[in-house]
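When we follow the UniProt record's numbering, the leftmost residue of the sequence shown carries the number 1, and every step to the right adds one. From the three backbone atoms N, C-alpha and C, an ideal C-beta is built for every residue, glycine too.
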Amino acid sequence: MFPSLKRRRHNGTPADITRDIEVAGKLLPLTIRQNARATRMTLRIEPGGRALKLTVPEGLPEREVQSFLNRHQGWLMTKLARFSGESELEEGGSILIRGVAHRIERTGRIRGLTEAVVLGEESILRVSGGEEHLRRRVADFLKKEARSDLERLVAVYTGRIGRRARSLSLKDTRSRWGSCSVDGDLSFSWRIAMAPPKVIAYLAAHEVAHLQEMNHGPDFWALCEKLCPDTRDAKHWLKRNGTMLHAIDFG
1 MFPSLKRRRH NGTPADITRD IEVAGKLLPL TIRQNARATR MTLRIEPGGR
51 ALKLTVPEGL PEREVQSFLN RHQGWLMTKL ARFSGESELE EGGSILIRGV
101 AHRIERTGRI RGLTEAVVLG EESILRVSGG EEHLRRRVAD FLKKEARSDL
151 ERLVAVYTGR IGRRARSLSL KDTRSRWGSC SVDGDLSFSW RIAMAPPKVI
201 AYLAAHEVAH LQEMNHGPDF WALCEKLCPD TRDAKHWLKR NGTMLHAIDF
251 G
(Lines of atoms letter the chains of each structure in order from A; the text may use other names.)
(Lines give C-alpha, C1' and ligand atoms only; values in the text may rest on other atoms or scores of the structure.)
Protein backbone atom coordinates (compact mmCIF):
# COMPACT_ATOMS: atom_id res chain seq x y z
CA MET A 1 0.00 0.00 0.00
CA PHE A 2 0.97 3.64 0.09
CA PRO A 3 1.24 4.84 3.70
CA SER A 4 2.96 8.02 2.51
CA LEU A 5 0.17 9.23 0.19
CA LYS A 6 -0.89 11.66 2.90
CA ARG A 7 2.49 13.39 3.01
CA ARG A 8 2.49 17.06 2.12
CA ARG A 9 5.05 19.67 1.18
CA HIS A 10 5.74 22.71 3.37
CA ASN A 11 3.23 24.74 1.36
CA GLY A 12 0.49 22.21 2.08
CA THR A 13 0.29 20.62 -1.38
CA PRO A 14 0.50 16.81 -1.64
CA ALA A 15 4.04 15.49 -2.04
CA ASP A 16 4.96 13.18 -4.89
CA ILE A 17 5.42 9.58 -3.83
CA THR A 18 8.13 7.42 -5.42
CA ARG A 19 8.26 3.67 -5.11
CA ASP A 20 9.20 0.63 -7.19
CA ILE A 21 6.66 -1.52 -8.97
CA GLU A 22 7.30 -4.99 -10.40
CA VAL A 23 6.23 -5.58 -13.99
CA ALA A 24 7.08 -8.89 -15.70
CA GLY A 25 9.82 -9.59 -13.19
CA LYS A 26 11.42 -6.13 -13.50
CA LEU A 27 11.40 -3.32 -10.94
CA LEU A 28 10.51 0.08 -12.38
CA PRO A 29 10.41 3.41 -10.51
CA LEU A 30 6.85 4.71 -10.13
CA THR A 31 6.03 8.33 -9.25
CA ILE A 32 2.55 8.97 -7.85
CA ARG A 33 1.37 12.58 -8.12
CA GLN A 34 -1.87 13.87 -6.58
CA ASN A 35 -3.65 16.55 -8.59
CA ALA A 36 -6.63 18.46 -7.21
CA ARG A 37 -7.97 19.01 -10.74
CA ALA A 38 -7.69 15.37 -11.81
CA THR A 39 -10.99 13.49 -12.09
CA ARG A 40 -9.53 10.07 -12.81
CA MET A 41 -6.27 8.16 -12.54
CA THR A 42 -3.83 8.41 -15.46
CA LEU A 43 -0.88 6.05 -15.88
CA ARG A 44 1.95 7.06 -18.21
CA ILE A 45 5.08 5.26 -19.33
CA GLU A 46 8.07 7.59 -19.37
CA PRO A 47 10.25 7.77 -22.53
CA GLY A 48 12.24 4.61 -23.07
CA GLY A 49 9.99 2.57 -20.81
CA ARG A 50 12.32 3.00 -17.86
CA ALA A 51 9.89 4.63 -15.41
CA LEU A 52 6.17 5.13 -14.74
CA LYS A 53 4.10 8.10 -13.61
CA LEU A 54 0.65 7.88 -12.07
CA THR A 55 -1.52 10.97 -11.61
CA VAL A 56 -4.41 10.55 -9.17
CA PRO A 57 -7.17 12.80 -7.80
CA GLU A 58 -6.21 14.38 -4.51
CA GLY A 59 -7.42 12.46 -1.48
CA LEU A 60 -8.11 9.24 -3.36
CA PRO A 61 -8.08 6.21 -0.99
CA GLU A 62 -4.88 4.21 -1.13
CA ARG A 63 -6.75 0.95 -1.79
CA GLU A 64 -8.16 2.41 -5.03
CA VAL A 65 -4.67 3.34 -6.21
CA GLN A 66 -3.40 -0.19 -5.54
CA SER A 67 -6.44 -1.74 -7.21
CA PHE A 68 -5.88 0.43 -10.31
CA LEU A 69 -2.25 -0.68 -10.56
CA ASN A 70 -3.20 -4.33 -10.14
CA ARG A 71 -5.80 -4.09 -12.92
CA HIS A 72 -3.32 -2.49 -15.31
CA GLN A 73 -0.48 -5.02 -14.95
CA GLY A 74 -1.38 -6.66 -18.24
CA TRP A 75 -1.61 -3.31 -20.02
CA LEU A 76 1.80 -2.33 -18.68
CA MET A 77 3.39 -5.60 -19.78
CA THR A 78 2.00 -5.20 -23.29
CA LYS A 79 3.11 -1.58 -23.64
CA LEU A 80 6.53 -2.16 -22.11
CA ALA A 81 7.11 -5.08 -24.48
CA ARG A 82 7.40 -2.46 -27.24
CA PHE A 83 10.42 -1.01 -25.49
CA SER A 84 12.00 -4.21 -24.24
CA GLY A 85 10.78 -7.04 -26.45
CA GLU A 86 13.60 -6.59 -28.95
CA SER A 87 16.45 -5.73 -26.64
CA GLU A 88 15.67 -8.09 -23.76
CA LEU A 89 16.60 -11.19 -25.76
CA GLU A 90 20.28 -10.46 -25.66
CA GLU A 91 23.06 -10.99 -23.18
CA GLY A 92 22.21 -9.14 -19.99
CA GLY A 93 18.50 -9.07 -20.87
CA SER A 94 15.90 -11.31 -19.29
CA ILE A 95 13.33 -13.96 -20.14
CA LEU A 96 10.54 -15.46 -18.07
CA ILE A 97 10.77 -19.19 -17.35
CA ARG A 98 7.78 -20.59 -15.44
CA GLY A 99 6.96 -17.05 -14.32
CA VAL A 100 10.45 -16.24 -13.01
CA ALA A 101 12.64 -13.66 -14.74
CA HIS A 102 16.03 -15.12 -15.73
CA ARG A 103 18.99 -13.00 -16.75
CA ILE A 104 20.40 -14.14 -20.09
CA GLU A 105 24.11 -14.96 -19.98
CA ARG A 106 26.16 -16.27 -22.88
CA THR A 107 28.62 -18.99 -21.88
CA GLY A 108 31.15 -18.07 -24.58
CA ARG A 109 31.24 -21.68 -25.76
CA ILE A 110 30.26 -22.57 -29.31
CA ARG A 111 28.58 -25.78 -28.22
CA GLY A 112 26.79 -26.81 -25.09
CA LEU A 113 23.39 -27.02 -23.48
CA THR A 114 21.19 -24.06 -22.67
CA GLU A 115 20.44 -24.34 -18.97
CA ALA A 116 18.64 -22.43 -16.25
CA VAL A 117 20.57 -22.08 -12.99
CA VAL A 118 20.26 -20.21 -9.71
CA LEU A 119 23.31 -18.47 -8.29
CA GLY A 120 22.67 -16.97 -4.89
CA GLU A 121 19.35 -15.19 -5.31
CA GLU A 122 19.67 -14.65 -9.06
CA SER A 123 18.08 -16.85 -11.72
CA ILE A 124 20.19 -17.13 -14.89
CA LEU A 125 19.69 -18.69 -18.31
CA ARG A 126 23.06 -19.76 -19.70
CA VAL A 127 23.15 -19.90 -23.48
CA SER A 128 25.98 -21.28 -25.62
CA GLY A 129 26.65 -20.58 -29.30
CA GLY A 130 27.17 -17.40 -31.27
CA GLU A 131 25.30 -14.20 -30.53
CA GLU A 132 23.36 -14.52 -33.78
CA HIS A 133 21.84 -17.80 -32.56
CA LEU A 134 20.87 -16.60 -29.09
CA ARG A 135 17.18 -15.94 -29.76
CA ARG A 136 16.69 -19.30 -31.45
CA ARG A 137 18.45 -21.14 -28.63
CA VAL A 138 16.28 -19.40 -26.02
CA ALA A 139 13.17 -20.38 -28.00
CA ASP A 140 14.41 -23.97 -28.30
CA PHE A 141 14.96 -24.10 -24.54
CA LEU A 142 11.40 -22.86 -23.89
CA LYS A 143 10.00 -25.46 -26.29
CA LYS A 144 11.87 -28.22 -24.47
CA GLU A 145 10.64 -27.03 -21.07
CA ALA A 146 7.06 -26.65 -22.33
CA ARG A 147 7.04 -30.18 -23.73
CA SER A 148 8.45 -31.63 -20.51
CA ASP A 149 5.83 -29.89 -18.34
CA LEU A 150 2.88 -30.50 -20.65
CA GLU A 151 3.62 -34.19 -21.31
CA ARG A 152 3.84 -34.81 -17.56
CA LEU A 153 0.64 -32.88 -16.79
CA VAL A 154 -1.34 -34.39 -19.66
CA ALA A 155 -0.37 -37.89 -18.47
CA VAL A 156 -1.59 -37.06 -14.96
CA TYR A 157 -4.88 -35.49 -16.07
CA THR A 158 -5.78 -38.10 -18.68
CA GLY A 159 -5.16 -40.77 -16.05
CA ARG A 160 -7.63 -39.08 -13.73
CA ILE A 161 -10.47 -39.03 -16.26
CA GLY A 162 -9.69 -42.32 -17.95
CA ARG A 163 -9.13 -40.79 -21.39
CA ARG A 164 -6.23 -40.99 -23.83
CA ALA A 165 -4.58 -38.23 -25.83
CA ARG A 166 -3.49 -39.50 -29.25
CA SER A 167 -0.71 -36.92 -29.70
CA LEU A 168 0.79 -33.76 -28.25
CA SER A 169 2.31 -31.04 -30.42
CA LEU A 170 3.76 -27.59 -29.82
CA LYS A 171 3.10 -24.56 -32.03
CA ASP A 172 3.54 -20.80 -31.94
CA THR A 173 -0.11 -19.85 -32.30
CA ARG A 174 -1.30 -16.33 -31.52
CA SER A 175 -5.06 -16.84 -31.59
CA ARG A 176 -5.26 -19.57 -28.94
CA TRP A 177 -3.10 -21.18 -26.28
CA GLY A 178 -4.17 -24.72 -27.01
CA SER A 179 -6.57 -26.95 -28.91
CA CYS A 180 -8.01 -30.47 -28.84
CA SER A 181 -9.26 -32.30 -31.93
CA VAL A 182 -12.12 -34.80 -31.98
CA ASP A 183 -9.48 -37.50 -32.50
CA GLY A 184 -7.67 -36.59 -29.28
CA ASP A 185 -4.79 -34.61 -30.75
CA LEU A 186 -3.65 -31.93 -28.30
CA SER A 187 -1.78 -28.82 -29.40
CA PHE A 188 -0.21 -26.14 -27.21
CA SER A 189 1.64 -22.86 -27.61
CA TRP A 190 5.20 -23.39 -26.37
CA ARG A 191 5.22 -19.79 -25.11
CA ILE A 192 3.25 -21.04 -22.10
CA ALA A 193 6.63 -22.12 -20.67
CA MET A 194 7.10 -18.46 -19.70
CA ALA A 195 3.96 -18.49 -17.52
CA PRO A 196 3.80 -19.53 -13.85
CA PRO A 197 3.38 -23.28 -13.14
CA LYS A 198 -0.30 -22.95 -12.21
CA VAL A 199 -1.02 -21.38 -15.61
CA ILE A 200 0.79 -24.21 -17.42
CA ALA A 201 -1.21 -26.69 -15.34
CA TYR A 202 -4.46 -24.93 -16.24
CA LEU A 203 -3.70 -25.03 -19.96
CA ALA A 204 -3.01 -28.77 -19.80
CA ALA A 205 -6.19 -29.35 -17.77
CA HIS A 206 -8.24 -27.24 -20.20
CA GLU A 207 -7.30 -29.29 -23.25
CA VAL A 208 -7.51 -32.63 -21.45
CA ALA A 209 -11.02 -31.70 -20.27
CA HIS A 210 -11.98 -31.34 -23.92
CA LEU A 211 -11.23 -35.04 -24.40
CA GLN A 212 -14.39 -35.62 -22.38
CA GLU A 213 -16.34 -32.40 -22.97
CA MET A 214 -15.95 -30.95 -26.48
CA ASN A 215 -17.55 -27.65 -25.51
CA HIS A 216 -17.25 -24.85 -22.96
CA GLY A 217 -20.41 -25.64 -21.05
CA PRO A 218 -20.88 -25.95 -17.27
CA ASP A 219 -19.77 -29.61 -17.24
CA PHE A 220 -16.56 -28.69 -19.04
CA TRP A 221 -15.65 -25.93 -16.58
CA ALA A 222 -16.54 -28.13 -13.62
CA LEU A 223 -14.16 -30.80 -14.92
CA CYS A 224 -11.47 -28.24 -15.66
CA GLU A 225 -11.61 -26.88 -12.11
CA LYS A 226 -11.62 -30.42 -10.72
CA LEU A 227 -8.39 -31.18 -12.57
CA CYS A 228 -6.86 -27.76 -11.84
CA PRO A 229 -8.21 -25.93 -8.76
CA ASP A 230 -6.30 -22.80 -9.87
CA THR A 231 -8.35 -22.53 -13.09
CA ARG A 232 -9.91 -19.14 -12.31
CA ASP A 233 -6.66 -17.51 -11.20
CA ALA A 234 -4.82 -18.96 -14.18
CA LYS A 235 -7.46 -17.73 -16.63
CA HIS A 236 -7.18 -14.26 -15.12
CA TRP A 237 -3.37 -14.34 -15.39
CA LEU A 238 -3.52 -15.27 -19.06
CA LYS A 239 -6.08 -12.58 -19.76
CA ARG A 240 -3.85 -9.94 -18.19
CA ASN A 241 -0.45 -11.16 -19.35
CA GLY A 242 -0.92 -13.37 -22.40
CA THR A 243 -0.40 -10.53 -24.85
CA MET A 244 2.97 -9.78 -23.29
CA LEU A 245 4.16 -13.33 -23.89
CA HIS A 246 3.06 -13.14 -27.51
CA ALA A 247 4.82 -9.79 -27.99
CA ILE A 248 8.31 -11.22 -27.47
CA ASP A 249 10.16 -11.59 -30.75
CA PHE A 250 12.37 -14.70 -30.90
CA GLY A 251 13.55 -13.86 -34.42
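{"query": "Boundaries (first-last residue) of the beta strand (DSSP E) holding leucine 170", "result": "167-171"}
{"query": "Spatial neighbours of isoleucine 32 in its chain, beta-carbon cut-off 6 Å, leaving aside the 5 residues before and after", "result": "Ile17 and Leu54"}
{"query": "Integer-rounded CB distance, given that leucine 125 should sit under 8 Å from histidine 102", "result": "4 Å"}
{"query": "Buried or exposed (CB count within 10 angstroms, at least 16 for buried), alanine 155", "result": "exposed"}
{"query": "Where isoleucine 121 sits in the DSSP three-state scheme", "result": "Looking at the sequence itself, residue 121 is glutamate, so the reference to isoleucine does not match. In this structure, glutamate 121 counts as coil in the three-state DSSP scheme."}
{"query": "Buried/exposed call for glutamate 91, threshold 16 Cβ in 10 Å", "result": "exposed"}
{"query": "DSSP-derived helix/strand/coil call for arginine 164", "result": "coil"}
{"query": "Backbone secondary structure at isoleucine 110 - three-state DSSP", "result": "coil"}
{"query": "Residue closest to asparagine 70, alpha-carbon to alpha-carbon, out of Lys239, Gly251, Ser123 and Asp249", "result": "Lys239"}
{"query": "Nearest-angstrom Cβ-Cβ length linking glycine 184 and arginine 166, presumed shorter than 8 Å", "result": "4 Å"}
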